[in-house]
Every structure is written in C-alpha cells, then in structure tokens.
C-alpha cells in the first residue's frame, strides 16, 4: 500500500503531526491541513485515497466538509475523528458516506487498524462492484446461481469477501433464498475455514434467553445459572458466527452486538472481565433493515457496522431453474 495517499484534516497541530508520523512509518503518503477549506482545495486538485477528518473543525465543520468531499469524489474513503462523547454526529456522518469513525483519544494502533481495514474493504468493494457490473448481479430479474460460468463468477465474489476474514457481512433475502449457504461458502473459502462456523436463528430464541446464548454467563449470574456457560461468541472464536434473522433481535441487546463488532471483546452475563475473541460476524435477515432503522426498530449504528459488505439474494421464484444448483453450492 505504498502508493496510498492520505489527507489529514485536523486543527489540533500536535495530534495531526502525530498521526502523520505514524502513517508515514506505515509507508503511506500523507498530507495534513488544519481547515476544511484547505482540505477541499487539495481534494479538487490531487488524487486522495483516504481522508482522516475531524468533526469539530473551525468555520466549516466536518459534516459540511464530508458532504463536499463526497460531491467531488464519492469514492474517497473518509474516517471521522471526534472528541464528542455522543456518537450520533459520527453515525450521521456514516449515513452521508463516511466509512468509520474514531473516538478521541484513540490509540495509535487502533488508528492503524481502522485505516488498514478501510483500505482493504474499499479494494474488496471495488472488485465486487467490477464483477457485479460485468454480470449485472444486482438486477432483480437476473439469476444468482445459473449456468456454470455464471456460478463461477458468484464463487469469485464469495472468494473476494473471504479474503478479508475480519470484514462483517450482511446478507439480505427472503426466506429460502440460500442466505445460510452463502454464509457457509464465505466461511469455508476463508482463512477461518478450520475454525468453527456457528449459526443461531435469532428469531427462534426467546428474548429472555438469547443474551445468555450469545454471551454465556458466570455461575450464579441469575437464579438458574448453576454453572458457568460459554456463549456462542466464545465458541466461535477463530471462526465465524452467523446471526440469522438478526432483525428480530431486541433493541436492548443490539448495543452489546455493536460492542463486539467494535472491540472484538465482550463479558459473560455476571462477569467482570473482558473476553477477547477473533470472530467474523455474518448477519442475515429477510427484513428491510434500512426501513427498520428509519422506524426506530433497529439501531442505526449497528446497521452501518454490519453492512460493510452487503449481499442481496433474489427470491427463488425469480430463478426456479437454479434451485438444484443452489442446493449443491
């Protein structure tokens, strides 16, 4: 990634200088400015791959700068930086097109990880988009699984997603379209293939039991907790956890799923120590999550964290001839 060009827009000179030095040590080409106006001027004249953008800039704030960046070049990756404890402005920025956000003060290792992940995911999306354009995968009347040549292209897309084993995936489609098969294919095509592939249907577990099922519990955590129990996140360590019908998960549990996505750690119910894990999360639903977010029935921050890579599978009624092939995938 030696040719990656990064622009820092940050009015805190010390922080900006520190970030610049860290990124240059990672062989990135880095420029830094202190105002949004300067940043926009550079983006208009030069090729920039990624922008680290402070939300609380003087004069033109970060949200306005972000809108300008996306108008100039929607392909530029933008990572927001904010010292505001309320994450809402950063989440609003993700709705506009920011890739991610960092809460100040952040560790420099966290910065490097977020930047690296953003660049890898961006490259992945570009390759998937290329294949989608080539075979018109997103057209609702087209088949996903058809003749062998077309099926091979779908497998290419799965292989591309599999090549980034930490990237979360959101699979959308009606019941029976093969969402679990796609999740299986991603897992077993990835470096995680020797690790566990664990699935849970969120709609099939009662609300009062699903938290314990996912996170486990310590002995004595509640009346019936006679022994310590490991949850599915812990059991999936080193592999993939497939959350089917995630849209049915109660709102009160969703922040805990978000925390796992952000930190790759959690606590068992009744526990006081964080448990670190290495798990890819693949979520699936037959509902319109964007609509649920709009109606306040699903957390927007969790939605945007999950949909780093999104796959939509057309219903089988639109591709009846593909049922046998789908079963063999």
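Residue numbers (my numbering): 50 to 378. The beta-carbon is built from N, C-alpha and C at its ideal position, and this holds for glycine as well.
Residue 131 and residue 277 have their C-alpha atoms some 39 Å from each other. For the set 327, 321 and 300, the Cα lying nearest the Cα of residue 312 is the one of 327.
A direct Cα-Cα distance of roughly 22 Å separates residue 355 from residue 134. For residue 208, the closest alpha carbon among the candidates 174, 253 and 127 is that of 174. DSSP, reduced to helix, strand and coil, places residue 358 within a strand of the structure shown. Here residue 283 is not near residue 333, since their CB atoms are 8 Å or more apart. A residue is called buried when at least 16 other Cβ atoms come within 10 angstroms of its Cβ; residue 253 does not meet this threshold and is exposed. Rounded to whole angstroms, the separation of the alpha carbons of residue 75 and residue 129 is 20 Å.
Excluding its 5 nearest sequence neighbours in each direction, residue 54 has C-beta neighbours in its own chain below 7 Å: 78, 96, 97 and 98, listed in chain order.
With a beta-carbon spacing of about 16 Å, residue 100 and residue 161 fall beyond the 8 Å limit used to define contacts. At a Cβ-Cβ threshold of 8 Å, residue 264 and residue 347 do not count as neighbours. Under the three-state reduction of DSSP output, residue 116 falls in the helix class. Nearest to residue 232 by C-alpha distance, out of 288, 144, 142 and 157, is 288. Counting along the chain, residue 312 sits inside the alpha helix (DSSP H) bounded by residues 303–312. Between residue 271 and residue 280, the alpha-carbon positions lie close to 15 Å from each other.
Cα atoms of residue 257 and residue 58: separation of roughly 46 Å, rounded to the nearest angstrom. The beta carbons of residue 220 and residue 318 sit about 28 Å from each other, so the pair does not count as a contact at 8 Å. With contact defined as three or more Cβ pairs closer than 8 Å, the region 138–152 and the region 109–124 are in contact. By alpha-carbon distance to residue 172, the top candidate from 153, 152, 150 and 216 is 216.
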